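Inspection log for the structure reproduced underneath, given as structure tokens.
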Amino acid sequence: KSQWNEAAVFVTPKEQYLMRVVIEKSRRTYTGIFEDPYDEVTGEKKIWVPMTEWSVESVVKSIDLDTKDILILPGRHSVVNITPLIRASILQLLKKIGFGQLLNDLTRVMARDGTVIVKTYLDIDPYTKKRVIKSSIVDLLNFWIDPAAKDIQEGPVIERSYKSQAQVLAYE
């Protein structure tokens, strides 16, 4: 149970770090939340300097993934003429599902937490009533991976998800 709750990661057979502790600490330093807001020597309130936030934003700015950077190349010479149509169609779909914003959010979470999990699923669009692809970033503090699994695809996972009553009733 302890390994599930703390997300212990073994770097070597004898060395480990607790992933949840690392993520919580990185989020506190990003947002400027001190464990003790007062200096233990002077008793004065600590001043937060957002160096972690500056570092994260610098990484996000330098990576700057964008859907316009997606390159589509024809596999055969005979399809060169339709490649622009295929590219336009793919870019329209990516824009419709908000893929560009997902890339930006993914980069920011990755720079802050050190890792990110994206959940992709089918949903019903409330306006068109058609099935659509949706993707969202899973909060790592609401996600548990089987400690015995080699990777996330191998074993069972648990995601805590907060839903309103209306959202729960919509599943029926």
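Take 23 as the starting number for the sequence shown in this note's numbering and just add one per residue. Where is the CB? At the ideal position from N, CA and C, for every residue including glycine. Remember, it's a predicted structure, so these values are computed and weren't measured experimentally.
Between the options, which lies nearest to residue i when the distance is taken from Cα to Cα?
i    : options                : result
V131 : D147, E75, D88         : E75
S111 : M41, G65, I92          : I92
R42  : I108, V154, R98, L162  : L162
S158 : D61, S100, L128, D173  : L128
D86  : G136, Y149, N126       : N126
V82  : R134, K36, T53, Y143   : R134
V179 : F165, K172, A188, K185 : F165
K156 : Q187, R182, G122       : G122
V140 : G54, L124, D168        : L124
T89  : K118, P72, V71         : K118
G234 : H99, G136, T142, I104  : With the chain covering 23 to 194 only, the question about residue 234 has no answer from this structure.
Looking only at DSSP bridge pairs, what is residue i linked to?
i    : result
V140 : I159
R153 : I146
What residue range does the beta strand (DSSP E) around residue i cover?
i    : result
A9   : With the chain represented from 23 up to 194, any question about residue 9 goes unanswered, as that position is not in the structure.
I167 : 165-167
At what residues does the alpha helix (DSSP H) containing residue i begin and finish?
i    : result
D173 : Per DSSP, D173 belongs to no alpha helix (DSSP H) and is neither H nor E.
R182 : Per DSSP, R182 belongs to no alpha helix (DSSP H) and is neither H nor E.
G120 : Unbroken run through G120: none, as it is neither H nor E.
Can you give the beta carbon distance from residue i to residue j, rounded, assuming they're within the 8 Å contact cut?
i    : j    : result
Q38  : V44  : Contact doesn't hold; Cβ gap of about 11 Å is too wide.
D147 : V138 : Not quite, the Cβ-Cβ distance comes to about 25 Å (not below 8 Å), so this is no contact.
Checklist entry - Which full runs of the alpha helix (DSSP H) of 4+ residues lie inside the stretch 34-109, going along the chain? => result With a minimum length of 4 residues, the continuous alpha helix (DSSP H) runs that stay inside the stretch 34-109 are 41-53, 73-85.
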